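Which chain is which? The protein sequence lines are A and B, in order.
Residues 447 to 679 in the working numbering are what the first sequence lists, from first letter to last.
Residues 74 to 318 in the working numbering are what the second sequence lists, from first letter to last.
Here a beta-carbon is modelled for each residue, glycine too, at the ideal position from N, C-alpha and C.
Keep in mind the model is a prediction, meaning the values are calculated, not measured.
Written below as structure tokens is the structure these notes are about.
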Amino acid sequence: MMGYSLDFTAVLAGEHLKWLLSGIQVTAELFAGAWALALLLAVVLIVLRNTGLRPAHWFVTTYVEVHQNVPLLVQVLFWYFAVPELLPAPAQIWLNEHNSEFILALLALSFCIAAYMSEALRSGLRAIPPMQYEASRALGFGYLSTMRYVILPQAARLSLPPLINYTLLLFKNTSIAMAIGVHELTYQSRQIENDTFRTFEVFAVATAIYLLSSFAIMALGALYERRAGLQAR
Amino acid sequence: MLQILRDNWVLFLIGQYPAGPLGGLSATVLIAVLGLGLSFPCALLLGLGRISPFRSIRAVTAIIVHTVRGTPFLMVIFWSYFALPIIIGHPIAGFPTLVGALVIYESAYLAEIVRSGIEALPKGQIEAARSLGLNYRQAMMSVVLPQALYNSLPTMMSQFVSLIKETSLGYVISVNEFTFAAAQVNSRLLTKPVQVFSILALTYFLLCFALTQSARAVERHIARRRREDPAVIRPLESFVVEPAP
């Protein structure tokens, strides 16, 4: 550490600042896209599980166990190296023309987090006593309005804490996309480090960006939880 | 797939071991066990700090825990791999770097498990212990912690599964572990990515799934003991095993 003087200008100016900003943009896109897709997939999974069909139930259980017990990096590598091989040639060509790293990383992240999110939704649904459902039907509500007005509002509130937790984990894990060369924040900070040898400065900046965003997610989650909690009373 | 396994099982299991560094699956397990063993004492200290009677200790440990939990693990690895050698003046190998990064990262997560385990115990426990004449340290060591740690055993086990999964990120800094070994095999064969990465994913799955199932079995056992044995203290809130990617 002797003789090492901090100098942020090499990192926060000119070409390197541009790299950093584009990294932030890619991370944000990856996070937002994967989050939306994961939530959608999680809802599909939970609907499939609740159809009462044995094969559907078996499929969802296996899906969840596989995605929860294989490292995310291995899933990302599998999507990147193996999945394109399994696709027909036109799809491979299309992928290569359309930033395949980004698309495959986004798919890997959302398919993995969907497994966790569907479990969060399931634990929320399971906590609602079946009597609520029966009472609502007895009061003349149909299946859909029972779900809409009685079951889902309560289940959503109960699922909220784990959902926020998984949102945070998804955000942090977008960094894994760098392993297949997605130009997101971690990748770009490595590039800048390579270019400038300003190791402390560039990692400090990147870590600060990640930390601030994580704290923002935690704070938004806490706010949302408090509001959802108030509505219940 | 079987052909690939037959040709490369030594590399998958132990890497280039007698000739080079230990690698493959055994390195993955070794890194995970070392990571858990070394982070547990740190986690105990951090967790006790989080509920310390002193406000300054509570504040410092809260900042440490939240900072680590808000940072991607890959960033922690990069700090240890690229920044730490500049501070201490000489380069460190990938293996200790990964173990060190795991200890930093997992201590924060395990500390929260320890804390919630302690907080879930009825308050009467520590009050009873103190009124029997035990001091704070004695009450913690011989009354509170044994019960809290026993109750949080399933959560700890599922955290160990997360830890095993996190060791795969050693691949990014070229630590000789299981994912790295598979990537080596993949780049040598070139044309068999589906088979190689299926072997990789399936092996991780078998290892982690077995541990997840044991965690669930332990959780059921503890739940049954709580129902049947009045001497086992029920925590106020139940523990939810919440795994992480």
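Q) Which class does SER311 of chain B belong to by DSSP, given the choice of helix, strand or coil? A) Counting from 1 along the second sequence, the entry for residue 311 of chain B is found at position 238. Annotation note: pLDDT 47 at SER311 of chain B (below 50); position unreliable, coordinate value reported separately. Here SER311 of chain B sits in coil by DSSP.
Q. If you run the structure through DSSP and keep just helix, strand and coil, what is GLY88 of chain B?
A. Taking the first residue of the second sequence as 1, we reach residue 88 of chain B at position 15. GLY88 of chain B carries a strand assignment under DSSP once its states are collapsed to helix, strand and coil.
**Q.** Any non-hydrogen atom of the ligand NAD within 8 Å of GLU192 of chain B CB
**A.** This structure lacks the ligand NAD; in fact it carries no ligand of any kind.
Q) So what does DSSP say about ALA205 of chain B, is it helix, strand or coil? A) Within the second sequence, residue 205 of chain B is the residue found at index 132, counting from 1. In the sequence under discussion, the amino acid at residue 205 of chain B is Leu, which differs from the Ala named in the question. Three-state result, LEU205 of chain B: coil.
Q: Could you tell me whether any Cβ in chain B is nearer than 9 Å to the Cβ of ILE539 of chain A?
A: Walking along the first sequence from the start, residue 539 of chain A turns up at place 93. Not closer than 9 Å to any Cβ of chain B, the Cβ of ILE539 of chain A fails to qualify, so no.
Q) Is the CB-CB distance between LEU119 of chain B and VAL187 of chain B below 9 Å? A) Walking along the second sequence from the start, residue 119 of chain B turns up at place 46. Walking along the second sequence from the start, residue 187 of chain B turns up at place 114. Yes; because the gap between Cβ atoms is below 9 Å, this pair is in contact.
Q | 7 Å Cβ cut-off: residues of chain A touching SER241 of chain B | A | Along the second sequence, read from residue 1 onward, the residue named residue 241 of chain B stands at position 168. PRO517, LEU519, VAL520, listed in chain order.
Q: To the nearest angstrom, report how far apart LEU532 of chain A and MET214 of chain B are at their CA atoms.
A: Within the first sequence, residue 532 of chain A is the residue found at index 86, counting from 1. Within the second sequence, residue 214 of chain B is the residue found at index 141, counting from 1. Distance between the alpha carbons of LEU532 of chain A and MET214 of chain B is about 56 Å.
Q. By the 10 Å Cβ neighbour count, where 16 or more other Cβ atoms means buried, how is VAL243 of chain B classified, buried or exposed?
A. Position 170 of the second sequence, counting from 1, holds the residue named residue 243 of chain B. The sequence as given places Gly at residue 243 of chain B; Val does not occur at that position. With 16 or more other Cβ atoms within 10 Å, it is buried.
Q. Helix or strand or just coil, what does DSSP make of LEU95 of chain B?
A. On the second sequence, position 22 is the one that residue 95 of chain B refers to. In the three-state reduction of the DSSP assignment, LEU95 of chain B falls in the strand class.
Q. In or out: PHE270 of chain B buried (at least 16 other Cβ within 10 Å) or exposed?
A. Along the second sequence, read from residue 1 onward, the residue named residue 270 of chain B stands at position 197. It counts as buried.
(Q) Do SER564 of chain A and LEU491 of chain A have their beta-carbon atoms positioned less than 9 Å apart in this structure? (A) Walking along the first sequence from the start, residue 491 of chain A turns up at place 45. Walking along the first sequence from the start, residue 564 of chain A turns up at place 118. Yes.
Q: Quick one: residues in its chain with C-beta nearer than 7 Å to the C-beta of LEU614 of chain A, no 5 flanking neighbours on either side, listed in chain order?
A: Position 168 of the first sequence, counting from 1, holds the residue named residue 614 of chain A. Result list for LEU614 of chain A: SER660, ILE663, MET664, in chain order.
Q: Would you list, in chain order, the members of the stretch 154 to 165 of chain B that have their beta-carbon closer than 7 Å to a beta-carbon of chain A?
A: PHE155, ALA156, ILE159, ILE160
Q. Unbroken beta strand (DSSP E) runs of length 3 or more, entirely within the stretch 138 to 191 of chain B: which are they?
A. none
Q) Going by other Cβ atoms of all chains shown within 10 Å of its Cβ, with 16 needed for buried, is SER189 of chain B buried or exposed? A) The residue labelled residue 189 of chain B in the question sits at position 116 within the second sequence. Around the beta carbon of SER189 of chain B, 16 or more other beta carbons sit within 10 angstroms, so the residue counts as buried.
Q.
Can you look up ASN81 of chain B in the DSSP assignment and give me helix, strand or coil?
A. Here residue 81 of chain B refers to the residue found at position 8 when the second sequence is read from its first residue. Of the three classes helix, strand and coil, the one that applies to ASN81 of chain B here is helix, per DSSP.
Q.
Check whether the stretch 631 to 647 of chain A and the stretch 456 to 463 of chain A are in contact - that is, three or more C-beta pairs closer than 8 Å.
A. yes
**Q.** Beta-carbon separation (whole angstroms), THR252 of chain B vs VAL520 of chain A, contact threshold 8 Å
**A.** Here residue 252 of chain B refers to the residue found at position 179 of the second sequence. Here residue 520 of chain A refers to the residue found at position 74 of the first sequence. The pair is a contact, with the Cβ atoms about 6 Å apart (cut-off 8 Å).
Q: Flag this pair as yes or no: are the beta carbons of ALA181 of chain B and VAL245 of chain B separated by less than 9 Å?
A: As a working mapping, residue 181 of chain B is identified with position 108 in the second sequence. As a working mapping, residue 245 of chain B is identified with position 172 in the second sequence. No, they are not a contact pair.
**Q.** Residues that LEU147 of chain B contacts on chain A, provided the C-beta gap is smaller than 8 Å
**A.** Position 74 of the second sequence holds residue 147 of chain B. The answer, in chain order, is SER621, ILE622, MET624, THR632.
(Q) Just to confirm the assignment, what range does the alpha helix (DSSP H) spanning LYS33 of chain B have? (A) Not covered by the structure: residue 33 of chain B. The range shown for chain B is 74 to 318.
Q | Alpha-carbon to alpha-carbon, MET624 of chain A and THR170 of chain B | A | For the purposes of this step, residue 170 of chain B is taken as the residue at position 97 of the second sequence. For the purposes of this step, residue 624 of chain A is taken as the residue at position 178 of the first sequence. Taking the straight line from one Cα to the other gives about 19 Å.
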